[in-house]
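Asker: Mind looking over this structure? Questions follow.
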Amino acid sequence: MAHRMVNKGIGAAVRRKEDHRFITGKGRYTDDINRPRQLYAWIVRSPLPHARIRAIDSEAAEGLRGVVAVFTGSDMAADGVGGLPCGWGITQKDGSQMAEPAHPPLAREFVRCIGDQVAVVLAESRGVARDAAELIEVDYEELPAVTDLVSAAAGDAPQVWPAEAPGNVCFDWEIGDAAAVDQAFAAATHVVDIDIVNTRLIPNAIEPRAAIGDYDSGKDEYTLYTTSQNPHVIRLLMGAYVLNIPEHKLRVVAPDVGGGFGSKIFHYAEEAIVTWASKRVERPVKWTADRSESFMSDAHGRDHVSHAELALNAEGDFLALRVSTRANLGAYLSTFGPSVPTYLYGTLLAGTYKTPAVYCEVKGMFTHTVPVDAYRGAGRPEATYLLERLVDKAARETGIDKVELRRRNFIPPDGFPYQTPVALEYDSGNYHACLDKALEMVDYGGFAERRDASAAAGKLRGIGFSTYIEACGLAPSNVAGQLGARAGLYEAGTIRVNPTGSVTVLTGSHSHGQGHETTFSQLVTDALGVDFDSVDVVHGDTGKIPFGMGTYGSRSLSVGGMAIVSALEKIRTKARKIAAHLLEASDEDVVFENGKLTVAGTDRSVTFGDVALSAYVPHNYPLDLLEPGLEETAFYDPKNFTFPSGCHICEVEVDPETGVVEVVRFVAADDFGRIVNPMIVEGQVQGGVTQGIGQALYEQCIYDPDTGQLLTGSLMDYCLPRADNLPDFEIATTMTLCTHNALGVKGCGEAGTIGSTPAVINAVIDALSDLNVTDLPIPATAERVWRAIRDARAA
Amino acid sequence: MSRVVSFTLNGESVEATVESRTLLVEMLRDTLGRTGTHVGCDTSQCGACVIHVDGRSVKSCTMLAVQAEGAELTTIEGVARDGSLHPMQEAFREHHGLQCGFCTPGMIMSALDLVQRNADPDEKQIREWLEGNLCRCTGYQNIVRAVKAGAAAMRTGNAGGGNGP
């Protein structure tokens with residue numbers, strides 16, 4: 054077979070190097086790890102949404118053969134264990150700080166949500182631990198509970214934190230110029246308003262969370278294996294705030310992780326429990342959630358109730374937007390919970406539009422539910438859903454075509470950089486290009502014909518649009534700090550060139566499906582000209598990697614990748630110096646191209662491999678100028694957020710007899726800036742779009758309003774999209790480069806989820822437009838659609 | 005109560021003592037250390053634990069280990085032979101049919117059973133067959149593409165048809 058040169062650098066659809074282990078069953082996930090003499094932990098969880106713990110009787114459990122220990126919150130408190138910290142503080146309208154009640158890993162006097170951790174059993178097998186947990190008798194005094202936002206705001210609502218957060222209000226926050234908005238509304242020709250609910254979701258990565266604590270009493274060192282998107286953040290939070298373990302004594306390993314979607318960012322109680330318990334019993338302690346526990350202990354997502362108003366002039370120009378939102382935070386503040394409905398939401402309400410005045414106020418509310426935090430998109434889907442539903446409604450009420458209304462109000466391609474009225478400065482974009490591309494792909498001109506064909510087959514066909522923007526690449530540390538982040542959000546990367554010229558990349562980003570081992574290897578291949586297969590990417594281990602802030606907010610390439618690029622630039626500089634020494638030339642004269650270092654204008658050259666070997670077996674190095682070795686680390690702090698954008702168009706067919714909605718077309722045209730691996734990017738969009746369709750048509754977390762019980766507590770009750778629910782998606786990209794990172798990249802991980810939900814629901818409403826249906830809640834289940842059709846026909 | 009269970013696993017005879025209530029997937033993972041088969045749920049919905057029992061795909065969380073007595077089992081670890089990937093595995097790689105990889109073993113085992121029942125499944129048949137295998141990463145599109153390509157490769161004896169870099 055003839056060999057051909059294949060480009061595996063930036064822009065190539067390189068097949069993933071991580072795949073081999075996954076397709077052969079050799080992936081190594083947390084639950085695949087077993088430590089000698091390990092015990093199994095089972096967590097006793099609250100079956101009630103709100104109760105006082107009168108007593109815990111664990112005598113029978115402790116007497117069961119194979120049980121080693123039972124611990125409760127008072128045991129942890131006696132050891133001085135702290136509460137789970139919140140990483141983002143919100144300053145309220147009146148300048149005061151948000152309410153921040155304590156969150157002990159094991160509950161003390163009260164439980165405040167279904168699934169709250171009450172006790173932990175350690176036993177020789179998982180089965181025995183579970184049997185023992187059944188024997189533990191917790192004497193609860195049941196208290197009234199509130200789970201939904203409307204009830205939580207009522208005057209007589211049960212209080213989650215009566216002393217710390219009266220009225221269940223964690224914070225009352227605002228952004229934008231209220232006076233300017235009022236003025237614009239006074240001058241408006243049209244005012245369009247909407248009451249809108251963004252449903253509560255449960256992320257459901259297919260790998261349940263797991264954690265193994267392993268304390269080494271000989272060295273007084275702890276290792277935690279955990280299903281995390283950011284092991285260094287867990288080390289920082291758990292070490293400093295919860296267990297008081299110095300960093301050099303605590304190693305956190307996040308091996309292969311089976312999906313996260315935000316839910317594995319946060320520091321969870323079980324991580325602290327197994328680490329602490331391992332020291333108490335001097336044996337490794339392993340905990341693996343079953344899916345039921347995932348439903349009641351993984352952080353949930355979304356859950357907003359909003360009222361929004363849009364002011365327009367006679368021509369359809371947006372004059373101002375006013376938004377009032379209540380956001381459910383759950384019973385406790387999760388790691389980034391307060392940032393999601395504020396700085397990742399209110400700041401995105403300008404969308405792709407040049408609306409001159411925007412004002413948003415958000416009340417963050419406590420309820421007796423599982424904590425709510427970032428779920429794929431985190432705040433940006435909520436902003437986009439609200440905005441794109443409102444814009445569609447404005448089009449209906451003003452009679453302006455919904456495509457034209459969007460186009461009319463887009464920030465123009467020459468309008469960048471663009472300062473929004475809600476704090477962000479967009480660096481680049483071309484929203485017309487995305488819209489044009491999507492319209493062309495969907496063949497908008499042919500829609501009427503397709504609608505007629507559907508009608509002939511007894512189906513109602515609708516088309517729905519959504520244009521979105523997101524702020525990604527979290528985050529410029531100075532900006533994030535001003536906004537309440539309690540840590541800078543830079544990233545670290547190390548390039549270790551080995552003596553034989555192979556390269557090891559140590560990255561603080563964490564891959565749990567994103568394919569970093571491949572994408573980051575492409576960056577190295579591009580910069581150093583080394584073979585793709587001679588690059589290894591190491592992630593997920595604080596014992597190996599200098600530092601890291603992890604993977605969320607579509608930041609891995611634009612922040613983590615840039616740290617790698619910065620380190621590669623240092624390697625290139627040093628390699629040129631070494632080559633200059635070897636070639637007896639001046640380093641300014643050495644050109645580094647395609648893995649070769651050449652004295653400009655001559656045929657004198659050395660390979661990068663020669664340079665690498667020389668760096669480790671140096672001879673006659675001018676030691677005052679040149680240090681042996683070839684390893685560089687860079688910390689990269691982005692100058693701004695990145696702003697991916699795009700247009701999604703969905704076509705649905707509704708069966709009016711059954712209410713069943715079928716997504717028949719889905720088109721996405723996205724601007725992610727420069728693309729390193731188009732195959733991986735397309736996969737990210739496909740997966741993201743599916744999660745957005747899930748929210749639009751299938752998924753919803755429901756708590757029973759009377760009992761506070763979690764009704765959607767299993768995969769039998771919570772409907773995830775399945776293979777036969779979906780069509781093939783049509784996906785394309787346009788490109789404007791990010792102006793403030795050298796790669797020009799913007800990020801692609803969340804876009805699909807952000808853009809798709811409103812496109813789908815707008816399509817369903819469009820399909821029912823002839824019946825005068827103008828509003829539908831999500832998820833648009835068959836029952837709801839059928840009822841809407843029936844009610845419309847009866848009217 | 006414990007029982008001795010013996011069966012053939014990926015061509016090898018194995019025997020182990022397990023508690024009677026042990027699920028087959030628990031025996032594979034915890035007793036035998038074959039961790040390629042995953043557990044993603046507790047209601048037999050997700051399909052991450054699909055293996056072959058006597059040649060047919062089975063969710064190994066729906067069987068007790070003792071029910072596998074004397075059976076021939078194949079798990080994802082037994083699919084590649086003599087160091088070379090099975091065409092279905094190769095097709096998943098070639099068509100980017102996986103992201104986090106957690107559902108992948110179950111997907112591949114399920115797809116292999118589909119192809120032995122229907123050598124040339126169309127897209128609709130593949131989507132309907134995989135209804136019992138949940139994936140949260142890919143949106144299924146590339147899984148469907150991979151299964152179609154894997155089936156084609158199995159028909160012709162080629163590996164995946166890949167010409168990508």
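First to last, the protein sequences are chains A and B. Residue numbers for the first sequence follow the numbering used here, beginning at 54 and rising by one. Residue numbers for the second sequence follow the numbering used here, beginning at 5 and rising by one. Note that the Cβ used here is the ideal one computed from N, Cα and C, for glycine as well. Please read all numbers here as calculations on a predicted model, not as lab measurements.
Does the segment 381-395 of chain A touch the segment 419-427 of chain A, meaning 3 or more C-beta pairs lie closer than 8 Å?
Answerer: yes
Asker: Hey, out of B/Glu76, B/His90, B/Val43 and B/Met92, whose CA is closest to B/Asn14's CA?
Answerer: Residue mapping note: residue 14 of chain B aligns to position 10 of the second sequence, counting from 1. It is B/Glu76 whose Cα lies nearest to the Cα of B/Asn14.
Asker: How far does the beta strand (DSSP E) with A/Trp214 in it reach, from first residue to last?
Answerer: Against the first sequence, residue 214 of chain A aligns to sequence position 161. Run containing A/Trp214: none; DSSP gives neither H nor E here.
Asker: Chain A partners of B/Asp46, CB-CB under 7 Å?
Answerer: As a position in the second sequence, residue 46 of chain B is number 42, starting the count at 1. At a C-beta separation below 7 Å, B/Asp46 has these neighbours in chain A: Asp343, Arg344 and Ser345.
Asker: Step through the CB atoms of chain A and report whether any lies within less than 7 Å of the CB of B/Leu239.
Answerer: Because residue 239 of chain B is not part of the residues shown, which for chain B are 5 to 169, the question remains open.
Asker: Using a beta-carbon distance cut-off of less than 9 Å, what residues from the segment 73-86 of chain A approach chain B?
Answerer: His73, Arg74, Phe75, Ile76, Thr77, Gly78, Lys79, Gly80, Arg81, Tyr82, Asp84, Asp85 and Ile86
Asker: A/Leu678: buried (16+ other C-beta within 10 angstroms of its C-beta) or exposed?
Answerer: Residue 678 of chain A sits at position 625 when you count from the first residue of the first sequence. Using a 10 angstroms sphere on the CB of A/Leu678, the tally of other CB atoms stays under 16, which defines it as exposed.
Asker: Look at the Cβ atom of A/Arg650, then the Cβ atom of A/Val659, and state whether they are nearer than 7 Å.
Answerer: Taking the first sequence and counting its residues from 1, one reaches residue 650 of chain A at position 597. Taking the first sequence and counting its residues from 1, one reaches residue 659 of chain A at position 606. The question names Arg, yet the displayed sequence has Leu at residue 650 of chain A. Yes, the Cβ-Cβ distance between A/Leu650 and A/Val659 is below 7 Å.
Asker: Pairs of beta-carbons, one from the segment 696-716 of chain A and one from the segment 528-542 of chain A, closer than 8 Å: are there three or more?
Answerer: no
Asker: Could you tell me which uninterrupted alpha helix (DSSP H) segments, each at least 4 residues in length, are contained entirely in the segment 574-650 of chain A, listed from first to last along the chain?
Answerer: Complete alpha helix (DSSP H) runs here, min 4: 615-636.
Asker: For B/Thr108 versus A/Phe75, is the C-beta spacing smaller than 7 Å?
Answerer: Position 104 of the second sequence, counted from the start, is the residue given in the question as residue 108 of chain B. Position 22 of the first sequence, counted from the start, is the residue given in the question as residue 75 of chain A. Cβ atoms of B/Thr108 and A/Phe75: closer than 7 Å.
Asker: Is it buried or exposed for A/Asp844, if we count other Cβ within 10 angstroms and need 16 for buried?
Answerer: Position 791 of the first sequence, counting from 1, holds the residue named residue 844 of chain A. Result: exposed.
Asker: For B/Val194 and B/Gly59, what's the separation of their Cα atoms in angstroms?
Answerer: Only positions 5 to 169 of chain B appear in the structure, and residue 194 of chain B is not among them; the question remains open.
Asker: From A/Gly654 to A/Val644, what distance separates their C-alpha atoms?
Answerer: In the first sequence, counting from the first residue as 1, residue 654 of chain A sits at position 601. In the first sequence, counting from the first residue as 1, residue 644 of chain A sits at position 591. Rounded to the nearest angstrom, the two C-alpha atoms are 9 Å apart.
Asker: Taking 8 Å as the threshold, find out whether the segment 570-577 of chain A comes into contact with the segment 691-706 of chain A through three or more Cβ pairs.
Answerer: no
Asker: Where does B/Gly165 sit, in a helix, a strand or coil, going by DSSP?
Answerer: In the second sequence, the residue the question calls residue 165 of chain B occupies position 161. With a pLDDT of only 40 at B/Gly165, under 50, the local geometry of the prediction cannot be trusted, and no value is derived from it.
Asker: Here's the rule: buried if 16 or more other CB atoms are within 10 angstroms of the residue's CB, otherwise exposed. What is A/Ala264?
Answerer: Translated into positions along the first sequence, residue 264 of chain A becomes position 211. By the neighbour-count rule (16 or more Cβ atoms within 10 Å), A/Ala264 is buried.
Asker: Tell me which residues of the segment 758-786 of chain A have at least one Cβ-Cβ distance to chain B shorter than 7 Å, keeping chain order.
Answerer: Ser767, Leu768, Met769, Leu773, Arg775, Ala776, Asp777, Leu779, Asp781 and Phe782
Asker: For A/Gly712 and A/Val838, which I take to be in contact (beta-carbon distance under 8 Å), what is that distance rounded to the nearest angstrom?
Answerer: Along the first sequence, read from residue 1 onward, the residue named residue 712 of chain A stands at position 659. Along the first sequence, read from residue 1 onward, the residue named residue 838 of chain A stands at position 785. At roughly 4 Å, the Cβ-Cβ gap stays under 8 Å, so A/Gly712 and A/Val838 are in contact.
Asker: Using only CA atoms, which one of A/Asp828, A/Glu836 and A/Ala847 lies nearest to A/Val250?
Answerer: Taking the first residue of the first sequence as 1, we reach residue 250 of chain A at position 197. Closest option to A/Val250, Cα to Cα, is A/Asp828.
Asker: Considering A/Thr789, what are the terminal residues of the beta strand (DSSP E) in which it resides?
Answerer: Reading the first sequence from its first residue, position 736 is the one you call residue 789 of chain A. Per DSSP, A/Thr789 belongs to no beta strand (DSSP E) and is neither H nor E.
Asker: So B/Glu16 is in the beta strand (DSSP E); what residue range does that whole segment cover?
Answerer: Taking the first residue of the second sequence as position 1, residue 16 of chain B is located at position 12. Element bounds for B/Glu16: Glu16 to Glu23.
Asker: Count the other C-beta atoms from every protein chain shown that fall within 10 angstroms of the C-beta of A/His883, then say buried if there are 16 or more, exposed otherwise.
Answerer: No information on residue 883 of chain A is available, as it lies outside the stretch 54 to 848 that chain A covers here.
Asker: For A/Asp819 versus A/Gly515, is the C-beta spacing smaller than 7 Å?
Answerer: Within the first sequence, numbered from 1, the residue matching residue 819 of chain A stands at position 766. Within the first sequence, numbered from 1, the residue matching residue 515 of chain A stands at position 462. The answer is yes: Cβ separation under 7 Å.
Asker: Would you list the residues sitting across from A/Ser149 in a DSSP beta bridge?
Answerer: Position 96 of the first sequence holds residue 149 of chain A. Per DSSP, none; premise fails for A/Ser149.
Asker: Quick one, which residues of the segment 92-115 of chain B are near chain A if we go by CB-CB under 7 Å, in chain order?
Answerer: Gln93, Phe96, Arg97, Glu98, His100, Leu102, Gln103, Cys104, Gly105, Phe106, Cys107, Thr108, Pro109 and Ile112
Asker: Starting from B/Arg25, find everything on chain A with Cβ-Cβ shorter than 9 Å and list it in chain order.
Answerer: In the second sequence, the residue the question calls residue 25 of chain B occupies position 21. Result: Gly180.
Asker: For A/Met732, return the contacting residues in chain B, with the cut-off set at a CB-CB distance below 7 Å.
Answerer: Reading the first sequence from its first residue, position 679 is the one you call residue 732 of chain A. His100, listed in chain order.
Asker: Do you know offhand how far A/Ala742's Cα is from A/Ala403's?
Answerer: The residue labelled residue 742 of chain A in the question sits at position 689 within the first sequence. The residue labelled residue 403 of chain A in the question sits at position 350 within the first sequence. Before going further, note that residue 742 of chain A is Val rather than Ala in the sequence given. Rounded to the nearest angstrom, the two C-alpha atoms are 22 Å apart.
Asker: Skipping 5 residues on each side, what residues in its chain have a beta carbon closer than 7 Å to that of B/Thr78?
Answerer: As a position in the second sequence, residue 78 of chain B is number 74, starting the count at 1. So the qualifying residues of the chain are Asn14, Ile55 and His56.
Asker: How about B/Ile147 and B/Met92: do their beta carbons lie closer than 7 Å?
Answerer: For the purposes of this step, residue 147 of chain B is identified with residue 143 of the second sequence, where counting begins at 1. For the purposes of this step, residue 92 of chain B is identified with residue 88 of the second sequence, where counting begins at 1. No, they are not a contact pair.
Asker: List, from N- to C-terminal side, the beta strand (DSSP E) runs of 3 residues or more that fit wholly inside the segment 482-546 of chain A.
Answerer: 513-522
Asker: Which two residues bound the contiguous alpha helix (DSSP H) that contains A/Ile733?
Answerer: What you label residue 733 of chain A is simply residue 680 of the first sequence in a count that begins at 1. Here the alpha helix (DSSP H) through A/Ile733 covers Pro731 to Ile746.
Asker: Check the DSSP bridge columns for A/Met418 and list the partner residues they point to.
Answerer: As a working note, residue 418 of chain A is residue 365 in the first sequence. Paired residue(s): A/Val222 and A/Asn381.
Asker: Ordered along the chain, which non-local residues of its own chain (more than five positions away) have a Cβ less than 7 Å from that of B/His99?
Answerer: To locate residue 99 of chain B, count along the second sequence from 1; it is residue 95. If we look at B/His99 and ignore the five residues flanking it on each side, its Cβ neighbours are Asn146, Arg149, Ala150 and Ala153.
Asker: Look at the Cβ atom of A/Pro832, then the Cβ atom of A/Gln753, and state whether they are nearer than 7 Å.
Answerer: Here residue 832 of chain A corresponds to residue number 779 of the first sequence, with the count starting at 1. Here residue 753 of chain A corresponds to residue number 700 of the first sequence, with the count starting at 1. Going by C-beta atoms, A/Pro832 is nearer than 7 Å to A/Gln753.
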